[in-house]
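Comments concern the structure below.
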Amino acid sequence: MASLIEKETAREADRPMVAAVFVNRLVSGMRLQTDPAVIYGMGRSYRGNISKSDLRRDTPYNTYTRGGLTPTPISLPGKASLDAAAHPADSRALYFVARGDGSSHFSETLDQHNQAVRKYILKKER
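Mapped onto the numbering used here, the consecutive letters of the sequence shown carry residue numbers 3 to 128.
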């Protein structure tokens with residue numbers, strides 16, 4: 003868990019919330035759907051972008067196709083990620099998206115998440 007948190011955000015303040023999202027997803031039976039794990043599973047074939055076909059390609063590290071945690075860590079977590087994994091935030095958030103400034107926006111519902119994606123990700127692609 004801590005290794006996934008480590009790769010998801012460089013912002014120490016967001017790590018307990020990322021941990022909360024992962025815990026909430028695991029408890030509810032959702033898949034983690036974390037891109038850094040998919041990238042790790044791609045190995046040397048990763049060229050800087052993830053395609054929809056990459057997200058569908060099953061590897062032991064593809065958290066879009068497999069439930070639960072990855073079979074091994076995907077990075078060496080630092081103290082902040084270890085602390086966050088041991089003490090996730092008290093939150094019902096199930097989703098997060100990068101704001102583009104190093105921080106993340108957290109949402110409890112898919113509708114809220116989709117609005118955040120439109121605000122922070124899709125606006126950049128126009």
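All residues carry an ideal CB built from backbone N, CA and C; glycine is no exception.
Buried or exposed for P73, going by 16 or more other Cβ atoms inside 10 Å?
exposed
Who are the near neighbours of L71 in its chain, counting only those whose CB is closer than 7 angstroms to its CB and skipping five residues on each side?
M3
With 16 other Cβ atoms within 10 Å as the buried cut-off, status of H89:
exposed
Extent of the continuous alpha helix (DSSP H) run through S55
K54 to R58
Mapping DSSP to helix, strand and coil, what is H133?
No information on residue 133 is available, as it lies outside the stretch 3 to 128 that the chain covers here.
I need the boundaries of the beta strand (DSSP E) containing A39, first residue and last residue.
That residue, A39, is in no beta strand (DSSP E); its alpha helix (DSSP H) goes D37 to M44.
Sorted by chain position, which residues of the same chain lie with C-beta nearer than 8 angstroms to S47's C-beta, five sequence neighbours on each side aside?
none
Quick check: the region 20–28 against the region 82–101, are at least 3 beta-carbon pairs closer than 8 angstroms?
yes
Where does E14 land, buried or exposed, given buried means 16+ other C-beta within 10 angstroms?
exposed
If I follow the unbroken beta strand (DSSP E) through S109, where does it start and stop?
S106 to S109
Taking 7 angstroms as the threshold (beta carbon to beta carbon), is V119 in contact with chain D?
Here chain D cannot be found, since the structure has a single protein chain.
Residue range of the unbroken alpha helix (DSSP H) whose run includes A91:
Unbroken run through A91: none, as it is neither H nor E.
Identify the continuous alpha helix (DSSP H) that holds K9 and give its terminal residues.
A4 to E10
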